[in-house]
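Report on one structure; see the data block that follows.
Number of protein chains: 2
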Amino acid sequence: MSPQDGRTRILDAALRLFAERGAAATTVRDIAAAAEVSPANVLHHFGSKDGLREAVDAHVETLVERMVEGDPAHREAIGGAGEDATGSLAEMFGTAFPPDSPLPAYLRRLILDHDARGAAFVTSWIDQSERLLREFEQRGTVRPSDDSRARAAFVVANDLALLLLREQLTTALGTDPLSPEGMTRWAAMALDTYTHGLYADRDPHATATEEETP
Amino acid sequence: MSPQDGRTRILDAALRLFAERGAAATTVRDIAAAAEVSPANVLHHFGSKDGLREAVDAHVETLVERMVEGDPAHREAIGGAGEDATGSLAEMFGTAFPPDSPLPAYLRRLILDHDARGAAFVTSWIDQSERLLREFEQRGTVRPSDDSRARAAFVVANDLALLLLREQLTTALGTDPLSPEGMTRWAAMALDTYTHGLYADRDPHATATEEETP
DNA sequence: CACCATACTGAACAGATGTTCAGTCATGCA
DNA sequence: TGCATGACTGAACATCTGTTCAGTATGGTG
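These protein sequences, in sequence, are chains H and S.
Position 195 of the first sequence, counted from 1, bears residue number 358 in my numbering, the numbering being contiguous throughout.
Position 76 of the second sequence, counted from 1, bears residue number 239 in my numbering, the numbering being contiguous throughout.
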């Protein structure tokens, strides 16, 4: 039989299957089979299917927290002075977890099912990004903005899009953007675009105040 | 009873419910109740639940096609010369459909359930964006890029993030980014960032060739 | 040793779900 | 008028799903 503890085998199998198909489309019997236990044993450990879902959620939350705390951007935010700190979630996932980790997909599900926990993740990331950008602003590495809240949301949304559209981008680009090669490729392009802009600069000395063409 | 034809009532109800909860979490009886018909009648018209799902998919596809064809960017791409053409999908959705339209949510499901049809949408949008950007490049409105394919994917992903994270962004910003006010706010910020960049430009005359800090 | 908590199982159950089917009703056509 | 076609329904069916329950094995504790 598999080496691990029965309970953790169930938890791992549930995490993987929930991430792949979604919790609603995963049956207790599926999880039991994947963990090589009886269906009744799944409920013995977690009370109900929903209890298992909550346990998986909590597990994921601690994993993500640990990941964020290990990132240079966070270490900088709490005191130190980092150099290569971007706070990119996609980058963190790419470096902190193996390519076949179910975590990115699970997080995607969390956000897709407009779950309250997923929304809380997003809001907290936007908050954190806003703080980080403001700090970089004062240091002169980031341009000031008329709407720093919206810009922080923009950055986080763009970052999360990499997680949410991973498969689609992989087929469209021919490279998994969360793999090491894919990350360097994407980061180089994003850095260039984030530095010099997408549109050609007609007035290089323009301030942040600008009107949209109607 | 509701004014419309029975069949279209079922189709509309299915579109709305599939978009809200996902197809797997929606029962035939739910749809029947929403359309005020019997469950058997749903299957009478569409053969099976999966047949209904395919019919809804096809319906959505024509709606989206019609939307894209009505957009200035597309009219420009096929000959004319537009001014305000950005090709932004989020913008199209915001202007072409009422705020309570189930279409954005349905499309989100389509994309995130790594459905083949959703993947096809994304790839075709990236192709189209790449063509559009290349044209703008030659015209001088868009900066050249070392990796125009990845940049097109970047733009589309950022654009789609607005659809995928609509609810979360609404709570985080206090404004629905697909509403008229939300769109102007978002577009102003995005235009500023896409024009002058996010990072302060240390070397304003740098070309696209640049290295990432390791 | 006896005792007990815990991990675990097989079998069963109640409810929900997709689907089938015989039959009703209305409409248009011969 | 008679009749065929298609929209529509109520009732039933087989299957799947989450959950319950009585019972077994095991390992540690008094």
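Backbone N, C-alpha and C define an ideal beta-carbon position, used for all residues, glycine too.
Note that the structure is a prediction, hence the values are computed from the model and not measured.
Take residue i and list the residues in its own chain whose beta-carbon comes closer than 6 Å to its own, dropping the five residues that flank it on each side.
| i | result |
| --- | --- |
| residue 260(H) | 266 |
| residue 216(S) | 186 |
| residue 299(S) | 305 |
| residue 274(H) | 281 |
Please classify residue i as buried or exposed, where buried requires at least 16 neighbouring CB atoms within 10 angstroms.
| i | result |
| --- | --- |
| residue 301(S) | exposed |
| residue 232(H) | exposed |
| residue 207(H) | exposed |
| residue 337(H) | exposed |
| residue 262(H) | exposed |
| residue 221(H) | exposed |
| residue 211(H) | exposed |
| residue 340(H) | buried |
| residue 348(H) | buried |
| residue 322(H) | buried |
| residue 167(H) | exposed |
| residue 214(S) | exposed |
| residue 356(H) | buried |
| residue 171(S) | exposed |
My output table needs one value for residue i: the three-state DSSP class, helix, strand or coil.
| i | result |
| --- | --- |
| residue 368(S) | Because residue 368(S) sits at a pLDDT of 45, beneath the cut-off of 50, its placement in the model cannot be relied upon, and the following sentence gives the value as read from the coordinates. Residue 368(S): coil per DSSP, three-state reduction. |
| residue 219(H) | helix |
| residue 305(H) | strand |
| residue 243(S) | Note that residue 243(S) scores 47 on pLDDT, short of 50, meaning its location in the model is unreliable; the coordinates nonetheless yield the value given after this. Looking at residue 243(S) - three-state DSSP - the assignment turns out to be coil, as it is neither helix nor strand. |
Going along the chain, which residues of its own chain have a beta-carbon closer than 8 Å to the beta-carbon of residue i, five neighbours each way excluded?
| i | result |
| --- | --- |
| residue 169(S) | 198, 200, 204 and 208 |
| residue 369(H) | Residue placement at residue 369(H) is poorly supported in this model, since its pLDDT is 46, which falls under 50; the coordinates still yield a value, given next. Same-chain partners within the cutoff: there are none. |
So the candidates are the options; which of them puts its Cα closest to the Cα of residue i?
| i | options | result |
| --- | --- | --- |
| residue 272(S) | 177(S), 181(S) and 174(S) | 181(S) |
| residue 306(H) | 341(S), 218(S) and 362(S) | 362(S) |
| residue 304(S) | 229(S), 249(S) and 221(S) | 249(S) |
| residue 282(H) | 313(H), 256(H), 314(H) and 320(H) | 320(H) |
| residue 253(H) | 278(H), 275(H), 276(H) and 227(H) | 227(H) |
| residue 153(S) | 178(S), 359(S), 314(S) and 322(S) | Because residue 153(S) is not part of the residues shown, which for chain S are 164 to 377, the question remains open. |
| residue 280(S) | 344(S), 251(S), 224(S) and 268(S) | 224(S) |
| residue 316(S) | 290(H), 345(H), 296(H) and 359(H) | 345(H) |
| residue 264(S) | 194(S), 184(S), 178(S) and 278(S) | 178(S) |
| residue 353(H) | 219(S), 278(S), 353(S) and 318(S) | 318(S) |
| residue 269(S) | 290(S), 251(S), 329(S) and 289(S) | 329(S) |
| residue 288(S) | 172(S), 251(S), 196(S) and 219(S) | 251(S) |
Within its chain, find whatever has a CB closer than 7 Å to the CB of residue i; leave out the 5 residues flanking it on each side and keep chain order.
| i | result |
| --- | --- |
| residue 258(S) | none |
| residue 311(S) | 293, 296 and 297 |
Taking Cβ-Cβ distances below 8 Å as the criterion, which residues of the segment 317-329 of chain H are in contact with chain S?
317, 318, 320, 321, 323, 324, 325, 327 and 328
Using a Cβ cut-off of 7 Å, which residues of the segment 201-226 of chain S contact any Cβ in chain H, in chain order?
none
Got a sec: which bits of the segment 254-265 of chain H sit with their beta carbon under 9 Å from any beta carbon on chain S, in order along the chain?
none
Using a Cβ-Cβ cut-off of less than 8 Å, give me the residues of the segment 352-366 of chain S that come near chain H, in sequence order.
352, 353, 354, 355, 356, 357, 358, 359, 360, 361, 362, 363 and 364
What residues from the segment 302-318 of chain S come within 8 Å of chain H, judged by C-beta to C-beta, listed N to C?
303, 304, 305, 306, 308, 309, 310, 312, 313, 314, 316, 317 and 318
Taking any Cβ of chain H, which residues in the segment 283-298 of chain S have a Cβ under 7 Å from it, in chain order?
285, 286 and 289
Listed from N- to C-terminal order along the chain, which residues in the segment 169-198 of chain H have their beta-carbon within a distance smaller than 8 Å of any beta-carbon of chain S?
185, 187 and 188
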